[in-house]
Amino acid sequence: MSLGVFCTVLFAAMLHASWNAVVKQGSDKLLTTVLLTSFGALLSLPWLPLLPLPAGASWPWLGLSVVLQVAYYLLIARTYQTGEMSLSYPLMRGVAPLLVAMAGSVLFAQSLPAASWVAIGLICGGILLLSIGKQPRGMLLPLGIACLIATCTLVDAHGVGLSGTALGYSLWLFVLSALPLLLWALLARRPQLHALARQQWQQGLLAGFGFTASCAIALWAMTQAPVAMVSALRETSILFALLISTIWLKEQVSIQRLLSAGLIIGGVVMLRLG
Numbered sequence: 001m002s003l004g005v006f007c008t009v010l011f012a013a014m015l016h017a018s019w020n021a022v023v024k025q026g027s028d029k030l031l032t033t034v035l036l037t038s039f040g041a042l043l044s045l046p047w048l049p050l051l052p053l054p055a056g057a058s059w060p061w062l063g064l065s066v067v068l069q070v071a072y073y074l075l076i077a078r079t080y081q082t083g084e085m086s087l088s089y090p091l092m093r094g095v096a097p098l099l100v101a102m103a104g105s106v107l108f109a110q111s112l113p114a115a116s117w118v119a120i121g122l123i124c125g126g127i128l129l130l131s132i133g134k135q136p137r138g139m140l141l142p143l144g145i146a147c148l149i150a151t152c153t154l155v156d157a158h159g160v161g162l163s164g165t166a167l168g169y170s171l172w173l174f175v176l177s178a179l180p181l182l183l184w185a186l187l188a189r190r191p192q193l194h195a196l197a198r199q200q201w202q203q204g205l206l207a208g209f210g211f212t213a214s215c216a217i218a219l220w221a222m223t224q225a226p227v228a229m230v231s232a233l234r235e236t237s238i239l240f241a242l243l244i245s246t247i248w249l250k251e252q253v254s255i256q257r258l259l260s261a262g263l264i265i266g267g268v269v270m271l272r273l274g
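In this text, residue positions in the sequence shown follow full-length UniProt numbering: the first is 1, and each later residue adds one.
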């Protein structure tokens, strides 16, 4: 992997953690999510005519992914309503690759090498360390989102493979998944949405850019470097999330959380590269 690609993927990881922080900081988490996904869709629209239309066989999978993505947006807003980013983000991002690997092993009879089982042990150890002293109920929603991310990953892996255009598939997903939330907000909470857009449109635009660019950069990087290396490097978003939650959100990040995040990142990187 060249230095340019390496730095670009790190930038994408920072963008992903940053848009999560924008949602966490928002006074109304759900409307903040609506705002940034709407801006993300707006930024995606001009590119659609320039890209091939996804193949017809991929549209059922794209439709299923839209439903899952809308559920993901709603649950992200919900989990940041009550949970700290320094706890929720490592769980969501770290557990999802674990679930994908295990699902591949069980559902598709894919054998896992010894290194992958060591990686699974590291991730599980990180989760257990993160859970010490915490109410189990506070971890249920982030773990549920991790299950949703894993499901989206499996669905999109199949859909993108059928689409013939990974970037086109992704941009259509951004646009179509933003529409239901925007329509709901316009019908049910139009005054509040307008007020939020007037007050925070710059922040929403930047977060929307981060939301779409983080995925687009990853797709581009996968054409420039091995997929496993790109995927592993993207998980540095957990470190960026811890930095952002400490510096920007003023959360108290304990040694326990730092150690658990280190275990989770180490496990995810080993899982991706193994």
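Cβ atoms here follow ideal geometry from the backbone N, Cα and C, with glycine treated the same way. These numbers were taken from a predicted model, which means no experiment stands behind them.
heavy atom of the ligand NAP below 7 Å from residue i C-beta
i	result
His158	Of ligands this structure carries none, so the ligand NAP is not represented either.
Short Cβ contact (8 Å threshold) for residue i with residue j
i	j	result
Ala55	Ser170	no
Leu68	Thr8	no
Leu167	Leu219	yes
Leu196	Asp28	yes
Ser44	Phe209	no
Val5	Ala225	yes
Leu205	Tyr73	no
Leu64	Gly266	no
Ala21	Met85	yes
Ile264	Pro46	no
Thr165	Leu51	yes
Buried versus exposed call for residue i [16 or more other C-beta atoms within 10 Å across all chains shown]
i	result
Trp19	buried
Ala188	exposed
Pro97	buried
Leu99	buried
Thr236	buried
Thr223	exposed
Arg234	buried
Ala207	buried
Ala114	exposed
Leu143	buried
Ser2	exposed
Cβ of residue i within 8 Å of any chain B Cβ
i	result
Leu64	Note that chain B does not occur in the displayed structure, where there is just one protein chain.
Distance, residue j Cα to residue i Cα
i	j	result
Trp248	Met92	20 Å
Thr212	Cys124	30 Å
Leu15	Ala261	18 Å
Gln81	Lys24	7 Å
Ser88	Leu258	13 Å
Ile244	Thr37	21 Å
Leu186	Trp61	27 Å
Ile255	Leu42	40 Å
Ser231	Ala221	10 Å
Asp156	Ala103	14 Å
Leu10	Leu75	26 Å
Leu53	Gly159	13 Å
Val66	Met270	30 Å
Met139	Trp184	28 Å
Trp172	Arg190	25 Å
Gln252	Gln203	24 Å
Ala17	Trp117	27 Å
Ala77	Trp59	27 Å
Leu129	Gly161	37 Å
Val268	Ile238	11 Å
Supposed close pair residue i, residue j - CB separation, criterion 8 Å
i	j	result
Gln199	Leu35	In fact, because the Cβ distance is near 10 Å, the residues do not count as touching under 8 Å.
Ile127	Val95	7 Å
Leu31	Leu141	With 8 Å as the limit, Leu31 and Leu141 do not qualify as a contact, their Cβ atoms being about 19 Å apart.
Ala57	Ile217	In fact, because the Cβ distance is near 27 Å, the residues do not count as touching under 8 Å.
Leu148	Ala101	Not quite, the Cβ-Cβ distance comes to about 16 Å (not below 8 Å), so this is no contact.
Gly40	Ala178	6 Å
Could you pull out every unbroken alpha helix (DSSP H) segment of at least 4 residues lying fully inside the segment 115-181, listed in chain order? Runs of alpha helix (DSSP H) with 4 or more residues, each lying fully within the segment 115-181, are found at 136-163, listed in chain order.
Completely contained alpha helix (DSSP H) runs for the segment 68-108, where each covers 4 or more residues: If we require 4 residues or more, the alpha helix (DSSP H) runs fully inside the segment 68-108 come out as 85-107.
Any beta strand (DSSP E) of 3 or more consecutive residues that is wholly inside the segment 181-206: Here no run is fully enclosed.
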